[in-house]
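Chains as they are written, first to last, in the numbering used here: chain A, 1 to 165; chain B, 1001 to 1347.
Just so it is clear, CB atoms sit at the ideal spot from N, CA and C, and this is done for glycine as well.
Down below is the structure, laid out as structure tokens.
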Amino acid sequence: MQFETVEFTLNGKRVSVNAKSTEVLSDVLRERLGLIATKVACGEGTCGSCTVLMNGEPIYSCLTLAFDCKNKSIETLEGLSNDPNHLHPIQEAFVKENSAQCGFCTPGIIMSAKALIDNNANPTREEVKLAISGNICRCTDYSRYINAVLLASKSLREAKKSVQN
Amino acid sequence: MKDFTYLSPNTLEEALSLRTKYGEEATFLSGGTNLLYMMKRDVRRPKYLINLKNVKGLDSIRWNKEEGLNIGALVNLTKLQHNETVVSHYPILSQSISRIASPQVRNAATIGGNLSQEVWCWYLMEGFPCWMNGGKHCFAPEGDNRYHHTVAGGFICMAIHPSDLAPALYAMNATVTIAGPSYEKKIKIPELLPGYTRIEGRLKQKYVFENTLRGDELIVSVHVPTPSEGTRAVFLKSAARESFDFALASASIVVALEGGSCKDASIVLGGVATMPYKATRVESKLKGATVTTELIEEASSLVFERESPLSMNAYRIQLVKELVKRGLLQACGFEVEYDLTPEALLS
């Protein structure tokens, strides 16, 4: 059994975990750190529910070894907001659009959406679809997710404009 | 996953000597989107994983007009897809990568890993004791061969080589540089991925893999020459879903046109055979001829030397011929129905 200290930045804070070689990032997040917003459905990189951001890019945390996270920056849904009274604009938009049904795919979709909006302040509908093309939803037809992401990017653009004025 | 020891060398030499030290019980790891999937399903159980992501010197993209494009094996697929040089001078590669799996997979996967990936057959992935899993049997012919198996013949393993990028690289005449314990060699895509041909030497290996890499060899770079003036290259893929799915058929079409005639053509198909399949009869029909829609119609019926569908996959034959036709129309500047869904291609 091989254990190694894995240090990485998680939602802006430095963390350190004594991980096993066979652990994947979703194991570390959920079992070791108690951050259960990141879901595991297929567990093998074909559904997207475990999507988190690594150095700003969406990856499947169920298919990423813990050891491969050393010195990376990881963002999970908890990093957007863990306070229901002060949601991140993307989360607000998903609530407004009533996007989720069972909610299992939703954290992964939000993280893919965050990566999109971080890099592209004004995405088109097609760009949103592409950004979430690695996230499968079994309940919906995705239209409310797409609308939510467009709404979120609009709110963020307007918030930025009013700050600049 | 079965327990393993993770090793993380910093140089290519170290990586190769670790493989020499631990032998067959060690496997190289880059993006992990294929290997970790199989390890989680307990189909592959290496005792040592040699992580390549910290090996220096394997992740650059270099280009100049004379020498062409040099891509390090560890270059990430998303990065390669969006690289300015690739987008402007080798758009067929960007098009091909854009259809691979999903954004999250492309963010982890590498070009070296894509070329050395294993076949994706549900019998193998469910742990059946097939040719790729320590046995001497293929379950596809008498089983469900709708999605993952060849229509162009096979010898032992009948599974399709799943790479979308390999056919595009083949059509662009790419060369792959491979490093072994004490040597380096350069081979073309068909030598790396010969499918069921030239199987003799490989039958003696413990597992028969779809690529000819020895266990102690490693892809270090891929070179793509500069296409000649007037070359047009397109990549088309038909799949059940627009993302995630492997190709039901893919066509990488590279044509050099002068006036109205075809000077040269290179057409490689994915999703139909145990290796990227060069449609030589289609190429011969086009070379030197004046390109018309009638010629394209005729040429695209010549895709297969010999059609060898299995019990449930004959539909792919019409699908790929129609895909080739639409690809040729597009590449040669004709108007084309751009709907490439299986329903549209089979109607």
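- Contact check for T1011 of chain B against V1075 of chain B fails: the beta carbons are separated by 8 Å or more.
- Pairing V1234 of chain B with V1282 of chain B gives a Cβ-Cβ distance that is not under 8 Å.
- Rounded to whole angstroms, the gap between the alpha carbons of A1299 of chain B and L1286 of chain B is 7 Å.
- For W1063 of chain B, the pairing in a beta bridge is given by DSSP as B:L1069.
- Cβ atoms of A1073 of chain B and G1112 of chain B come within 8 Å of each other, at about 3 Å.
- Residue environment analysis places Y1183 of chain B among the exposed positions, since fewer than 16 neighbouring C-beta atoms fall within 10 angstroms of its C-beta.
- Straight-line spacing of the CA atoms in F1246 of chain B and T1177 of chain B works out to 26 Å.
- E1242, S1243, F1244: these are the residues of the stretch 1236-1256 of chain B whose beta carbon lies less than 8 Å from some beta carbon of chain A, given in chain order.
- When DSSP states are grouped into helix, strand and coil, G43 of chain A belongs to the coil group.
- 8 Å or more divides the Cβ of A1289 of chain B from the Cβ of L1269 of chain B.
- Excluding sequence positions up to five before and after M1312 of chain B, its CB lies within less than 8 Å of the CB of D1144, N1145, R1146, all in the same chain and listed in chain order.
- Closer than 8 Å to the CB of D68 of chain A there is at least one CB belonging to chain B.
- T5 of chain A is positioned such that its CB atom lies closer than 8 Å to that of S16 of chain A.
- Using a Cβ distance threshold of 8 Å, I1071 of chain B and Q1081 of chain B do not count as a contacting pair.
- For Y145 of chain A, not one C-beta of chain B is nearer than 8 Å to its own C-beta.
- Within the same chain, Cβ atoms closer than 8 Å to the Cβ of P89 of chain A are found at A152, S155, L156, A159, the five residues on either side in sequence being excluded.
- Per DSSP, V1324 of chain B is one residue of the alpha helix (DSSP H) stretching across 1315-1331.
- Assignment of F94 of chain A by DSSP, reduced to helix, strand and coil, places it in the helix class.
- G1032 of chain B has a beta carbon lying within less than 8 Å of a beta carbon in chain A.
- Of the other Cβ atoms in all chains shown, fewer than 16 fall within 10 Å of the Cβ of Y1338 of chain B; this residue is therefore exposed.
- Contact annotation for K1021 of chain B against chain A: no contact, minimum CB-CB distance about 16 Å [criterion: below 8 Å].
- Spanning the alpha carbons of V1291 of chain B and F1334 of chain B requires a straight line of approximately 10 Å.
- In the displayed model, T106 of chain A falls within a helix according to three-state DSSP.
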